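Contents: one structure, followed by commentary.
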Amino acid sequence: MIVDPDEAVLASGWTTDVRGLMVLAKLTEHPEHRGQLGVPSKALESYVDGDLTAIDDVPVRQRSGEFLNHAWEVLRTVPAGAPVTYSEFAARSGRPAAVRAAAMACARNAAALFVPCHRVLRLDGTLGGFRWGLPVKRWLLDHEADRSSHEAI
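Quick note on my numbering: the sequence shown kicks off at 1357 and runs consecutively.
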């Protein structure tokens, strides 16, 4: 994870390659390295422990154009345990015909988990792609489905 001094997530993923995260987030200054990253680290731990909403209020700062910024905000409204299709995501983003643009928003998302692009699936329900690998996407979806079903009981 890379966070700014205000503890907003700039980039995150399942990697130890800080330089790669910097490139993904279009950052030019090397981040300060710390063990725990405050609120984002605590939210991540809570998420893994089963509080699926812990990541919802963590601030995220990504830089891009109007559509991508809006699409990333829309992704943050997709609830855990209720994935949507790329078509549904495009419609929620205000451009129902722009399915490829919706997929691009997922692909260009630098703040994985906090902007939950893993919650978007193909029309037939298959996983599609995920920068961090399909096993990670499957684990996230299964984790959320398991926790969501427990909360419904």
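Note that the Cβ used here is the ideal one computed from N, Cα and C, for glycine as well.
For clarity, every value in this text was computed on a predicted model and none was experimentally measured.
Environment of residue i [buried if 16+ CB atoms lie within 10 Å]
i: Val-1512; result: Coverage of the chain is limited to positions 1357 through 1509, which leaves residue 1512 absent and any answer about it impossible.
i: Leu-1496; result: buried
i: Ile-1509; result: The predicted position of Ile-1509 is uncertain, since its pLDDT is 45 and thus under 50; no value can be drawn from it.
i: Lys-1382; result: exposed
i: Glu-1429; result: exposed
i: Pro-1452; result: exposed
i: Val-1440; result: buried
i: Gly-1369; result: buried
i: Glu-1500; result: buried
Beta bridge counterpart(s) of residue i as assigned by DSSP
i: Leu-1477; result: Thr-1441
i: Val-1365; result: Val-1359, Val-1416
CB of residue i within 9 Å of CB of residue j, strictly
i: Leu-1490; j: Leu-1479; result: no
i: Ala-1447; j: Arg-1475; result: no
i: Met-1357; j: Leu-1408; result: no
i: Gly-1394; j: Glu-1363; result: yes
i: Pro-1387; j: Val-1379; result: no
i: Arg-1432; j: Asp-1412; result: yes
i: Ala-1463; j: Ser-1449; result: no
i: Val-1416; j: Val-1365; result: yes
CB-CB length for residue i against residue j, believed under 8 Å
i: Ala-1367; j: Leu-1424; result: Ala-1367 to Leu-1424, Cβ: 15 Å. No contact.
i: Ala-1459; j: Tyr-1442; result: 5 Å
**Study point:** 4 or more residues per run - each alpha helix (DSSP H) lying fully within the stretch 1368 to 1441
**Key:** Complete alpha helix (DSSP H) runs here, min 4: 1374 to 1381, 1395 to 1404, 1422 to 1431.
Check your understanding: Which ranges does the alpha helix (DSSP H) cover as unbroken runs of at least 4 residues, wholly within the stretch 1442 to 1472, from first to last along the chain?
Key -> Those alpha helix (DSSP H) runs which fall completely within the stretch 1442 to 1472 and span 4+ residues are 1442 to 1448, 1455 to 1463.
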